[in-house]
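Protein chains in written order, with UniProt numbering: chain A, 1 to 273; chain B, 1 to 273.
Structure record follows, encoded as structure tokens.
2 protein chains.
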Amino acid sequence: MAQTPPASSPRTPEVNPPSFGSEAGQAVSGSATPAFSPLYQQIKGLLLQSLQAGEWKPGDLIPSELELAGRFRVSQGTVRKAIDELSADNLLVRRQGKGTFVATHSEQQVQYRFLRLEPDSGNRDGQGPAERQILDFRRLRAPAEIAHRLGLRSGDPVFEVRRVLSFQGTPTILEDLWLPGSPFKGLSLETLANHQGAMYALFERQFGVRMVRADERLKAVAADAESAATLGVAASFPLLSVERVAYTYNDTPMEYRRGLYRTDKHHYHNELS
Amino acid sequence: MAQTPPASSPRTPEVNPPSFGSEAGQAVSGSATPAFSPLYQQIKGLLLQSLQAGEWKPGDLIPSELELAGRFRVSQGTVRKAIDELSADNLLVRRQGKGTFVATHSEQQVQYRFLRLEPDSGNRDGQGPAERQILDFRRLRAPAEIAHRLGLRSGDPVFEVRRVLSFQGTPTILEDLWLPGSPFKGLSLETLANHQGAMYALFERQFGVRMVRADERLKAVAADAESAATLGVAASFPLLSVERVAYTYNDTPMEYRRGLYRTDKHHYHNELS
DNA sequence: GAGTGGTCTAGACCACCTT
DNA sequence: AGGTGGTCTAGACCACTCC
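Have a look at this one:
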């Protein structure tokens, strides 16, 4: 920055100085709400904007810390702290010597980041990849509850997908999912059926929609006749019901999903801390 | 530190210098394994030792960053980074202007940090505190599976507790839990029955055992006759089975727990990211 | 060797809490 | 006023990757 060594001389960064006035040292923080936001949070916000705007896409290399520091007229340390947090939130991934990249669901290592079902014995790799089968695909007008979960209005167009995931030939997960029509315009059965790998990777590549976090609600339920038949279990077999709302940047809901998991040979794993 | 401004002169901190030799600049990182560990990680390790050793107990104020920096002969920034990570792991809690404290389960705000069951409508506060009832308490020799989960040997003494948690008068959780005998020596039915609040708070206060993280495995199961009767549901009612191993510092297992949750009016909430 | 992220330092100042 | 954590800077050097 344009600043002489021995302290003093307040910064005048590009980012809007939050609490201290634009010039003349630090204001006594007026009268109303504090509303103080540190510089690195502002930088974080700016980086988030670029991510939301699609300026940098999943997998992309973003500018170096030094370049960003220059662009925002702050020190490298401040940019680092902003990136640290975005990286902790799984929005960015640092790679020493190479740079910082936009996180993606397309990497082998995080293929099933949101799928918490694991075989009771052995690890996930041991059972091979999941076999996917689309049972149904349609475009419809959102019923009240679906609309509510997706932050839409009743009647807004949505896509509905029903599919089964099998492990080693055993149908294990039956799920319905709903996607808002606009962001996924052009989604087709063919696209879904031809795609290999995690569904969220497809969403990124084809629609630029990156799922960032999700909320799940779990319950134990008895299988209804249809579900039981699809999953190959007896009627009223206990199943794990997993209801998920997945969000993209900005906490915008982008998917509502209802799954029924067989848990006789698998379990839902969760780490508490 | 004793160090003149313009660079050079390698540090000679109290902590064992990891990869670069004790003197004469930076070694070319010999031949064998990298084994490089940054200073702040070493500091983190030292702080962890103090926590494990019980030098600072849950709720205690630990020395200030500046004092720790002096003690370890490193800069404040390095101590900060170590504390940052311990704080992110919920082992320490920073409070601006006051200091850094050892995290505890005894605070109101985190009373149910490990209990993910929530009412379907309304929040947790709306339903009032859980009513606890101890059904059984005994001291026994660990069967093979319990011993295995707790990292003990079959036949080692353990405590077994069976209890019910009710919300607004409705029995909702039935759980059995096992604790290793040695760390919990002196545990009695009276202690358990008289205690108000989260069980993990009791463990901290009475036994100095702090639960730091836990692994849970969830399944949907059908209620057996006894569980159904206790929880007031029909036989083979679907219940959420929650199996938990809780760990203290150092990843030492300190509790094995098997719970059966009614999920007709509650759900298990999980956030994915 | 150049470029990137990663570590470490030293010092200034701010925000918050206590006395 | 003095102490604590929180932010920000500037600069040095290290580890890693690629050319």
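The beta carbon of each residue, even a glycine, is placed where N, CA and C say it ideally should be.
It should be emphasised that the depicted structure is a prediction, and the values quoted were computed from it without experimental measurement.
query	result
Rounded separation between residue 66 of chain B and residue 111 of chain B - CA only	31 Å
For residue 37 of chain A and residue 20 of chain B, the rounded distance between their alpha carbons	With a pLDDT of 34 at residue 20 of chain B, under the threshold of 50, the modelled position of this residue cannot be trusted; read the value that follows with caution. About 39 Å.
For residue 218 of chain B and residue 241 of chain B, believed in contact at Cβ under 8 Å, the rounded distance	7 Å
Simplified DSSP assignment, three categories, for residue 112 of chain A	coil
Cβ-Cβ distance between residue 247 of chain A and residue 212 of chain A below 7 Å	yes
Same chain only: Cβ atoms within 8 Å of residue 120 of chain A, ignoring 5 sequence neighbours per side	265, 266 and 267
Secondary structure of residue 199 of chain A, DSSP reduced to three states	helix
The stretch 121-136 of chain B contacting the stretch 151-164 of chain B, beta-carbon criterion three pairs below 8 Å	yes
Distance between residue 123 of chain B and residue 231 of chain B (C-alpha atoms, nearest Å)	22 Å
Three or more C-beta pairs below 8 Å linking the stretch 249-264 of chain A and the stretch 168-179 of chain A	yes
Residues near residue 64 of chain B by beta carbon distance below 7 Å, same chain, minus five either side	99
Other residues of its chain near residue 95 of chain B: CB distance less than 8 Å, five sequence neighbours each side excluded	101
Close beta carbons around residue 170 of chain A, own chain, < 8 Å, minus the five adjacent residues each side	232, 262 and 265
Proximal chain B residues relative to residue 263 of chain A, where beta-carbon distance stays under 7 Å	219 and 220
Closer than 7 Å to chain A by CB, residue 171 of chain B	no
Anticipated Cβ contact below 8 Å, residue 82 of chain B with residue 47 of chain B, distance rounded	6 Å
Listed by chain order, chain A residues near residue 239 of chain B by CB distance under 7 Å	220
Any beta strand (DSSP E) of 3 or more consecutive residues that is wholly inside the stretch 25-107 of chain A	92-95 and 99-102
Paired residues, beta bridge with residue 219 of chain B - DSSP	B:241
Which of helix, strand or coil DSSP assigns to residue 260 of chain A	strand
Chain-ordered chain B contacts of residue 269 of chain A [CB-CB under 9 Å]	215, 216, 217 and 218
In chain order, each beta strand (DSSP E) run of at least 3 residues that lies wholly inside the stretch 138-193 of chain A	157-167 and 170-180
Integer-rounded CB distance, given that residue 153 of chain B should sit under 8 Å from residue 253 of chain B	Actually they do not touch by this definition, with Cβ atoms about 13 Å apart.
Whole-angstrom distance between residue 145 of chain B and residue 168 of chain B, CA atom to CA atom	34 Å
Residues within the UniProt domain "HTH gntR-type" (37-105) of chain A neighbouring chain B, beta-carbon criterion of under 8 Å	88, 89 and 90
Three-state secondary structure (DSSP) of residue 136 of chain A	strand
Same chain only: Cβ atoms within 7 Å of residue 59 of chain A, ignoring 5 sequence neighbours per side	101, 102, 104 and 106
Beta-carbon neighbours of residue 273 of chain B, restricted to chain A and to distances below 8 Å	89, 90, 212, 213 and 214
Of the residues B:127, B:139, B:69 and B:187, the one placed nearest residue 39 of chain B, counting alpha carbons only	B:69
First through last residue of the alpha helix (DSSP H) which encompasses residue 236 of chain A	Note, residue 236 of chain A: premise wrong, no alpha helix (DSSP H); not H, not E.
Cutoff 7 Å: residue 203 of chain B Cβ touching any chain A Cβ	no
Where residue 270 of chain A falls, given that 16 or more other Cβ within 10 Å makes a residue buried	buried
Assigned secondary structure, residue 228 of chain A (DSSP; H/G/I helix, E/B strand, else coil)	helix
Range covered by the beta strand (DSSP E) that runs through residue 123 of chain A	No beta strand (DSSP E) contains residue 123 of chain A, which DSSP labels as neither H nor E.
Contact list for the stretch 114-148 of chain A against chain B, Cβ threshold 7 Å	114
Among B:225, B:138 and B:244, the one whose alpha carbon lies nearest that of residue 238 of chain B	B:225
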